[in-house]
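Just so you know, the sequence shown maps onto residues 138 to 441 in the working numbering.
Ideal Cβ positions, reconstructed from N, Cα and C, are used throughout, including at glycine.
As the structure is a prediction and not an experimental result, all values here were calculated from the model.
First the structure, in the form of structure tokens, and then the observations on it.
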Amino acid sequence: MTRFIHDQFAKDYLEELLSPFGECQAPLEIRSEIRQVDVFFTPKTSSQNAPEVLGLLGKLASNISLFEPFRNPVSINEIRTCVLKLLEVHTDYIRRANREKTKITEENYPKLWILTPTASSKILENIGAKNDGDNWGEGIYLLAPFLRTGLVVIHQLPETLDTLWLRMLGRGSVQQKAIDTLETLPQGNPFRENALLLLSSLRSNLEVSSELEEEDRDLIMRLSPLLLDKLEAATQSGIEQGARVERTTIIENLLIMKFNSLDEQLRDIIEPILSLSPEEFSSLLLQLPQLSREELLARFSSEN
């Protein structure tokens, strides 16, 4: 199922956006059973870049937080499992405080944020989730204060720049509109560039899946021009050193995304790839999702 591809994208995406502002553990293992928190975020005590630049996502990340993103609408049992993870993390905090003879204030316990595209009114009612519109706006539902838990119903969020980075984890038209907005951001925006790289990786992973849904096919079609535009921007001034550095970065990042690391053999083929004409370079990167490691090495090792 492509849900697992989207789940991995969501974890990578949140980790990439939040890492400049603190420590991200994705996943975080907790001991009672083999359970993992999708993303465990600890904000830096002092950071030149405040997470507020991420809008609503930055506000969620202003405290130590567990993030549990769901591609499909979250179920009651999935909510129970998420809350259980949170309580186990809280238990670890209590053990540590007892061991160190310190006290924990209520505000110092980690929060849980469940990210779901939609949530039925029945589920929200049954878990006692309330919308605090004055403090959080539409789409954010909080459980009882001591539970330190909130649901982010992504498709209910207003379409503003403040919610952009969360709406990127939505589905269908909500995600596609967020991608439209992402395109309009300045090219130097580091979060824009990182998101585009992760979207390129998502597109590559979806393309090799044998269980694509119609929604996934639409997403692939929507993402294809993004990658092409990025390549054209990198190749238009290919004779300049700055463009060469940018092309090198693109190649390195795409190889890491595809093969998880950049070993000596892969580094050796970067220079031959850089020697390609702009047209050949663009063509290669469009083919890259379908090429195996062996095919790449066979093609470019001989060109050294």
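Just reading off the beta strand (DSSP E) that Val226 is part of, what are its end residues?
Val226 -> not in any beta strand (DSSP E); alpha helix (DSSP H) instead, spanning 213-237.
Would you mind stating whether Leu249 and Thr286 have Cβ atoms separated by less than 7 Å?
The answer is yes: Cβ separation under 7 Å.
Whole angstroms are fine: how far does the CA of Asp175 sit from the CA of Ile291?
Those two C-alpha atoms are separated by around 17 Å.
Could you work out which residue in Glu408, Leu392, Asn209 is closest to Glu431 when comparing CA atoms only?
The candidate whose alpha carbon is nearest that of Glu431 is Leu392.
In whole angstroms, what separates the C-alpha of Leu154 from that of Glu330?
Their Cα atoms are separated by approximately 11 Å.
Mark Ser257 as exposed unless 16 or more other C-beta atoms lie within 10 angstroms of its C-beta, in which case mark it buried.
The residue is exposed, with fewer than 16 neighbouring Cβ atoms inside 10 Å.
Using only CA atoms, which one of Val289, Asp400, Arg340, Arg381 lies nearest to Leu411?
Minimum Cα distance to Leu411 is reached at Arg381.
What number of angstroms, rounded off, separates the C-alpha of Leu335 from the C-alpha of Lys238?
C-alpha separation (whole angstroms): 43 Å.
Under the criterion of a Cβ to heavy atom distance below 6 Å, does Phe437 qualify as lining the ligand SAH?
Judged by which ligands are present, the structure shown has none, so any question about the ligand SAH falls away.
Under DSSP, the beta strand (DSSP E) around Ser156 begins and ends at which residues?
Run containing Ser156: none; DSSP gives neither H nor E here.
Indicate whether Val220 and Pro247 have their beta-carbon atoms separated by less than 7 Å.
For Val220 and Pro247, no; Cβs fall outside 7 Å.
Exposed or buried, which one is Ser130 when buried takes at least 16 other CB atoms within 10 Å?
Residue 130 is absent from the structure shown; the chain starts at 138 and stops at 441.
For the segment 204-216 and the segment 310-329, state whether three or more C-beta atom pairs, one from each stretch, are separated by less than 8 Å.
No contact exists between the segment 204-216 and the segment 310-329.
Roughly how many whole angstroms lie between the Cα atoms of Pro426 and Leu339?
Using only the alpha carbons, I get a separation of about 10 Å.
So the alpha helix (DSSP H) Pro206 belongs to, where does it begin and stop?
It is not in any alpha helix (DSSP H) - Pro206 instead sits in the beta strand (DSSP E) that spans 202-206.
Buried or exposed for Ile376, please, with buried defined as at least 16 other CB atoms from any protein chain shown within 10 angstroms of its CB.
Only weak support is given to the placement of Ile376: the predicted model assigns it a pLDDT of 44, under 50, and the question is left unresolved by the model.
Could you say if the segment 194-210 and the segment 139-150 meet the contact criterion of at least three C-beta pairs nearer than 8 Å?
Yes, since at least three Cβ pairs between the segment 194-210 and the segment 139-150 fall closer than 8 Å, the two stretches touch.
Among the residues of its own chain, which have a CB less than 6 Å from the CB of Thr179, if the five just before and after it don't count?
These residues qualify, in order along the chain: Gly159, Glu160, Ile201.
What are the boundary residues of the alpha helix (DSSP H) that includes Pro323?
Segment: none, Pro323 is in no alpha helix (DSSP H) and carries neither H nor E.
To the nearest angstrom, how far is the alpha carbon of Lys314 from that of Leu356?
C-alpha separation (whole angstroms): 11 Å.
Taking the alpha-carbon positions, what's the Asp400 to Leu421 distance?
Each residue's Cα considered, the two are about 20 Å apart.
State the CB to CB distance for the pair Ile264 and Leu280, rounded to an integer number of angstroms; the pair is presumed to be in contact (CB under 8 Å).
About 6 Å separates the two Cβ atoms, so the contact holds.
Output needed for Leu433: all residues of its chain with C-beta closer than 7 Å, excluding positions within five of it in sequence on either side, in chain order.
Counting only Cβ-Cβ distances below 7 Å, and skipping sequence neighbours, we find Ile406.
Nearest to Pro164 by CA position, among Val190, Arg233, Ser199, Phe204, is which residue?
Of the candidates Val190, Arg233, Ser199, Phe204, the one whose C-alpha sits nearest the C-alpha of Pro164 is Phe204.
Please list the terminal residues of the continuous alpha helix (DSSP H) segment that includes Ile410.
Per DSSP, Ile410 belongs to the alpha helix (DSSP H) from 407-411.
In whole angstroms, what is the alpha-carbon distance linking Pro295 and Tyr278?
Spanning the two alpha carbons is a distance of roughly 14 Å.
Can you tell me whether Lys395 is helix, strand or coil according to DSSP?
Lys395: helix per DSSP, three-state reduction.
Does Ser310 get closer than 7 Å to chain B when you measure Cβ to Cβ?
Absent here is chain B; the protein component of the structure consists of one chain.
Out of curiosity, what's the CA-to-CA distance linking Gln424 and Glu350?
Spanning the two alpha carbons is a distance of roughly 22 Å.
Should Leu193 be labelled buried (16 or more other beta-carbon atoms within 10 Å of its own) or exposed?
The residue is buried, with at least 16 neighbouring Cβ atoms inside 10 Å.
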